[in-house]
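There are 2 protein chains.
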Amino acid sequence: MPEATDDRLHVIVIGGGFAGVGATKRLARHEHVRVTLVDRNNYHQFQPLLYQVATSQIAPSHVGFSLRKLFRNHANVEVKLAEVAAVDPRTRTVTTADGAEYQGDAVVIAAGAVPNFFHTPGAAEHAYPLYSLADAERLRSRVIAVFEEADRDPALMARGVLNFVVVGGGPTGVETAGALSDLIRETMVIEYQDVPVAKAQIHIVDLGAALLTPFSTTAHRYVAKVLTRMGVEIHLGTAVTEVGPGHVTLGDGTTILTRCVVWGGGNMAPPLAGEVGATQGRGGRIEVLPDLNLEGLPGVYAIGDVANIPGPDGTLPQLGSVAMQSGVAAADNILADAAGRPRAPFRYRDKGIMAMIGRGAAIAAGPHRRELRGLPAFAAWLGVHALLLTGVRNRAQTFLDWGWDYFARSRGPQLLDRSDAAAIDWEDDATATLGAAPDEAPVG
Amino acid sequence: MPEATDDRLHVIVIGGGFAGVGATKRLARHEHVRVTLVDRNNYHQFQPLLYQVATSQIAPSHVGFSLRKLFRNHANVEVKLAEVAAVDPRTRTVTTADGAEYQGDAVVIAAGAVPNFFHTPGAAEHAYPLYSLADAERLRSRVIAVFEEADRDPALMARGVLNFVVVGGGPTGVETAGALSDLIRETMVIEYQDVPVAKAQIHIVDLGAALLTPFSTTAHRYVAKVLTRMGVEIHLGTAVTEVGPGHVTLGDGTTILTRCVVWGGGNMAPPLAGEVGATQGRGGRIEVLPDLNLEGLPGVYAIGDVANIPGPDGTLPQLGSVAMQSGVAAADNILADAAGRPRAPFRYRDKGIMAMIGRGAAIAAGPHRRELRGLPAFAAWLGVHALLLTGVRNRAQTFLDWGWDYFARSRGPQLLDRSDAAAIDWEDDATATLGAAPDEAPVG
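Chain order of the listed sequences is A and B. Quick note on the numbering used here: the first sequence kicks off at 2 and runs consecutively. Quick note on the numbering used here: the second sequence kicks off at 2 and runs consecutively.
Here is the structure:
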């Protein structure tokens, strides 16, 4: 057992997302450190592009990267495929669901998030979240399946089979609504000639007064204009109060018939966050000190989406760049601890925020909220994401592979998983029952 | 309903593999013809490369091609996603599992094949066939899963967790054994540093006296030499008599402990072949006349793997090139029927056969059985498959995408599906029971 004879600093990292990979990469540079990286999947998922998988723009293999491959040149990184069952923060021991135990000098909790359905009735059962690669593949199959249903049974048009409801007006929601519109107008209209594809309708629903609230008022107008031009109907200032197998009900009483509800309505910490004996804040996230340590638990860090990280204006948002940078900062503080140096508070270097609305239409805001819109923002979006991708795969491959797929509009991976055949049958049964339900009124 | 007013020749093609796509492409050229192509998947699967998906060399999206996309520029081709439930050969009516009926002037049965387990006990339950894209993805996850099992529990080495048994010494078996060896020696040995990967052992089993029997004796020696050098143990002249969850038993009494059995042991016709009232021959395949028509059933054709097609030296083998050419020939005979011209007997133009043994080692035999071995055969193999792929996607994309993945040895898509987590647990339970079983003796 290496544990017994090894005098290297042993760090256990829980989660191989942006935060965990950021921390592991930083630690792996040091020969006196060894890292055990535990994830329930054997791959890192590149979350900013999940919506492109869901809309058949790119293949799943373009956003899922083997963690073992990522660290194959780092002999001091061990990747373990396991579900973490418990963390003992006093002894810094991580126990996996299959009974393995890892005891370290430091533990970094980078366990990410799960969808937050805000107790909306039916949402957990019927809505499709978009946080993991598996989510994206499920949604992709669902989107194709509703077109196949419409092709098979024209009567389903009256039941809203080609209505799509996107819940949440943040980047995930806006990007998904835009990409769905691109998919329908560029591809489905050609490929489903027996289906009245022009009658497909995308809705986006948000409780707030605008889409993409972190951007400026000018940006809000731009996003609304572009999405409207793309045929997306925008419902603002209203919540989704219920999700059924064949409909969605909004707070203003509107019922929208639909068989495809995308949940971009927010995330919360996974159950593991409640198991470490730390204070939990908004969204159940672990409250961390400015140095990313848990109060009273030396050597235990929480980073990325699982943590509420203090920033200059309150808690930092759940962003990939915050996750990545907090991973690096936690690694540096662990190294400082070991060297007897003082820990530094985490300072987030704001790289700006961006969202893709549709092909050629994007929006980007720099650190001081200087905004780009349209083609310049689109170009910036592509550049930034291509660069981000090079963190997990080599640059030439990224451009060849991903760039090609994206620009060629080839929509290669429009594959309907066989597993969704079951979903089709299930939906059919559900609607057979629902057809008579009193709440299945038409839109509006 | 177009059926009522349309006076075009209506052909129903069952199955979107090489045969069905071959027939549909040929028919689609003619404006006076319309085709309804029915497949249970919404994609064509490029079968010759399935073993590369199974061994994480290329991504599933590189061998699965949307049928709707393939025919998007042909307004006279309708693609229908459905399971065919029945064919009435007298009225040429095809009924799908969801109740749709298509009545045509001709019906082309190109329903492919299913694995033939030859009533081997346990094979259907525990072996992994490699005929469909779903098969390939399941096998890919299984291969990764056994390495994860070995990583998690070193004691499993004694239970043969890294033994792989490939059943069948045809191209599928040889290509899979070779690619597994490449995967293990090039990739797994680096990525699983805690696992004694050098102890992994691949076995290939065939009842015949040689691997790749259709090739020459010189070729047989070459294949045996290359595979042996790659660490594959060859068992000839012996059948697999039983497959269990943790072992395989051979006809000579040998038991090999293994959790990963690849079934390349042959195919047979799917149940549909028995539903059309035609004579069934070897493998349950539909016996066709030399013109690919079913005897006594004018306008009903069977092509590809589902058919026993007469050739100069008996029945033609189940090959992609036979499937594709028989599709074209059936299409031409349907057009001849409609024009009142005589049908022509199908003449297979032998393009030769080839098999990839490992990177840089292949074997190819031309029409007159002139053979290439080694690098020239490898180059020929790449050229032929790149060309074949351009039948379903554009050429530039093929070379960029597939070529890159293959040459860069990037092994991007080493993704373990979450669904295989269940398989891991199941195998564990199975072995817990099996550990005490008397037949779990070591190899040899």
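Glycine is no exception: its CB is placed at the ideal position from the N, C-alpha and C atoms.
Leu157 of chain A at chain B interface by Cβ criterion, 8 Å: Here residue 157 of chain A refers to the residue found at position 156 when the first sequence is read from its first residue. Closer than 8 Å: no.
Buried or exposed (CB count within 10 angstroms, at least 16 for buried), Ala331 of chain B: Your numbering for residue 331 of chain B matches position 330 in the second sequence. Buried, since its Cβ has 16 or more Cβ neighbours within 10 Å.
Assigned exposure category for Arg222 of chain B - 16 Cβ within 10 Å defines buried: Within the second sequence, the letter at position 221 stands for residue 222 of chain B. It is exposed - the Cβ of Arg222 of chain B has fewer than 16 other Cβ atoms within 10 Å.
6 Å CB neighbourhood of Ile203 of chain A in its chain, flanking five on each side removed: Numbered from 1 along the first sequence, position 202 holds the residue referred to as residue 203 of chain A. Closer than 6 Å at Cβ, skipping near neighbours: Phe165, Ala178, Leu181, Ser182 and Val233.
Outcome for Lys26 of chain A when other beta-carbon atoms lying within 10 angstroms are tallied against a minimum of 16: Your numbering for residue 26 of chain A matches position 25 in the first sequence. Classification for Lys26 of chain A: buried.
Ser327 of chain B in three-state terms, based on DSSP: Here residue 327 of chain B is taken as the residue at index 326 of the second sequence, counted from 1. In this structure, Ser327 of chain B counts as helix in the three-state DSSP scheme.
Below-8 Å beta-carbon distance, Gln58 of chain B vs any chain A residue: Along the second sequence, read from residue 1 onward, the residue named residue 58 of chain B stands at position 57. Not closer than 8 Å to any Cβ of chain A, the Cβ of Gln58 of chain B fails to qualify, so no.
Close-in-space but distant-in-sequence residues of the same chain around Val78 of chain A (CB under 7 Å, 5 per side omitted): Stepping through the first sequence from its first residue, residue 78 of chain A is reached at position 77. So the list reads Thr25, Ala29, Val36, Leu38 and Phe72, once near-sequence residues are dropped.
Beta-carbon contacts of Ala324 of chain A that lie in its chain and below 8 Å, excluding the five residues immediately before and after: To locate residue 324 of chain A, count along the first sequence from 1; it is residue 323. Cβ within range, chain order: Gly18, Phe19, Ala20, Gly23, Ala111, Ile304, Gly305 and Asp306.
Close Cβ partners of Phe216 of chain B (< 7 Å) along its chain, the five nearest in sequence each way excluded: Locating residue 216 of chain B in the second sequence gives position 215, counting from the first residue. For Phe216 of chain B, where only same-chain residues beyond five positions count, the Cβ hits under 7 Å are Ile364, Ala366 and Glu372.
Buried versus exposed, by CB contacts within 10 Å (16 or more), Leu68 of chain B: The residue you call residue 68 of chain B lines up with position 67 of the second sequence. Buried.
Coarse secondary structure for Gly436 of chain B, derived from DSSP in three states: Sequence index remark: in the second sequence, residue 436 of chain B carries index 435 (1-based). Because the pLDDT of Gly436 of chain B is 23, which lies under 50, any placement of that residue in the model is unreliable, and the number read from its coordinates should be weighed accordingly. Three-state result, Gly436 of chain B: coil.
Collapsed DSSP secondary structure at His75 of chain B in the structure displayed: Translated into the one-based positions of the second sequence, residue 75 of chain B becomes position 74. Looking at His75 of chain B - three-state DSSP - the assignment turns out to be coil, as it is neither helix nor strand.
For His45 of chain B, the first and last residue of its enclosing beta strand (DSSP E): As a working note, residue 45 of chain B is residue 44 in the second sequence. Residues Tyr44 to Gln46.
Bridge partners - Phe66 of chain B, DSSP secondary structure assignment: As a working mapping, residue 66 of chain B is identified with position 65 in the second sequence. The partner list for Phe66 of chain B (beta bridge, DSSP) reads B:His45.
Buried or exposed by the 16-neighbour rule on C-beta atoms within 10 Å, applied to Leu157 of chain A: Residue mapping note: residue 157 of chain A aligns to position 156 of the first sequence, counting from 1. It is buried - the Cβ of Leu157 of chain A has at least 16 other Cβ atoms within 10 Å.
Beta bridge counterpart(s) of His127 of chain B as assigned by DSSP: Your numbering for residue 127 of chain B matches position 126 in the second sequence. None, per the DSSP bridge assignment.
Beta-carbon proximity of Gly65 of chain B to Tyr44 of chain B, cut-off 8 Å: By 1-based counting over the second sequence, the position of residue 65 of chain B is 64. By 1-based counting over the second sequence, the position of residue 44 of chain B is 43. Cβ atoms of Gly65 of chain B and Tyr44 of chain B: closer than 8 Å.
Residue-chain proximity (Asn43 of chain A, chain B), Cβ-Cβ < 8 Å: For the purposes of this step, residue 43 of chain A is taken as the residue at position 42 of the first sequence. Yes, contact with chain B.
Distance, His11 of chain A Cα to Thr316 of chain A Cα: As a working note, residue 316 of chain A is residue 315 in the first sequence. As a working note, residue 11 of chain A is residue 10 in the first sequence. Each residue's alpha carbon lies about 30 Å from the other.
Under 8 Å by beta carbon: chain B residues contacting Arg153 of chain A: Taking the first residue of the first sequence as position 1, residue 153 of chain A is located at position 152. Under the 8 Å cutoff, chain B gives Lys81, Leu82, Ala83, Asp99 and Ala101.
Outcome for Ala98 of chain A when other beta-carbon atoms lying within 10 angstroms are tallied against a minimum of 16: What you label residue 98 of chain A is simply residue 97 of the first sequence in a count that begins at 1. Answer is exposed; the Cβ neighbour count stays below 16.
Sequence-distant residues of the same chain with beta carbon closer than 8 Å to Gly285 of chain A, five excluded per side: In the first sequence, counting from the first residue as 1, residue 285 of chain A sits at position 284. Cβ neighbours of Gly285 of chain A beyond the five flanking positions: Met269, Ala270, Ala274 and Gly275.
Chain A contact residues for Asp195 of chain B, given Cβ-Cβ distances below 7 Å: Here residue 195 of chain B refers to the residue found at position 194 when the second sequence is read from its first residue. Here the neighbours are Glu79.
Min CB distance Arg186 of chain B to chain A below 8 Å: Looking up residue 186 of chain B in the second sequence gives position 185. It does not: the Cβ of Arg186 of chain B has no partner Cβ on chain A nearer than 8 Å.
Closer than 8 Å to chain A by CB, Ile145 of chain B: Residue mapping note: residue 145 of chain B aligns to position 144 of the second sequence, counting from 1. Chain A contact via Cβ: present.
Residues near Arg186 of chain A by beta carbon distance below 8 Å, same chain, minus five either side: By one-based count along the first sequence, residue 186 of chain A stands at place 185. Contacts found: Met231 and Gly232.
Interface partners of Arg73 of chain B on chain A, CB under 7 Å: Here residue 73 of chain B refers to the residue found at position 72 when the second sequence is read from its first residue. Going along chain A in sequence order, the residues near Arg73 of chain B (Cβ under 7 Å) are Ile191 and Glu192.
Backbone CA spacing between Gln450 of chain A and Lys352 of chain A [nearest angstrom]: Because chain A is modelled from 2 through 445, residue 450 of chain A falls outside the range shown and cannot be assessed.
Local Cβ density within 10 Å of Asp136 of chain A, reported as buried at 16 or more and exposed below that: Mapped onto the first sequence, residue 136 of chain A falls at position 135. Answer is buried; the Cβ neighbour count reaches 16.
Residue-chain proximity (Ala76 of chain B, chain A), Cβ-Cβ < 8 Å: Position 75 of the second sequence, counted from the start, is the residue given in the question as residue 76 of chain B. Yes, because at least one Cβ of chain A sits closer than 8 Å to the Cβ of Ala76 of chain B.
Where His386 of chain A falls, given that 16 or more other Cβ within 10 Å makes a residue buried: As a position in the first sequence, residue 386 of chain A is number 385, starting the count at 1. It counts as buried.
Three-state class that DSSP yields for Lys81 of chain B in the structure shown: In the second sequence, counting from the first residue as 1, residue 81 of chain B sits at position 80. If DSSP states are grouped into helix, strand and coil, Lys81 of chain B belongs with the strands.
Closer than 8 Å at the beta carbon, the chain A residues around Glu149 of chain B: Within the second sequence, numbered from 1, the residue matching residue 149 of chain B stands at position 148. Those are Asn43 and Leu82, listed as they occur along chain A.
The segment 250-262 of chain B touching the segment 143-159 of chain B, judged by at least three CB pairs closer than 8 Å: yes
Beta-carbon proximity check, Ala87 of chain B vs Ala101 of chain B, cutoff 8 Å: For the purposes of this step, residue 87 of chain B is taken as the residue at position 86 of the second sequence. For the purposes of this step, residue 101 of chain B is taken as the residue at position 100 of the second sequence. No, the Cβ-Cβ distance between Ala87 of chain B and Ala101 of chain B is not below 8 Å.
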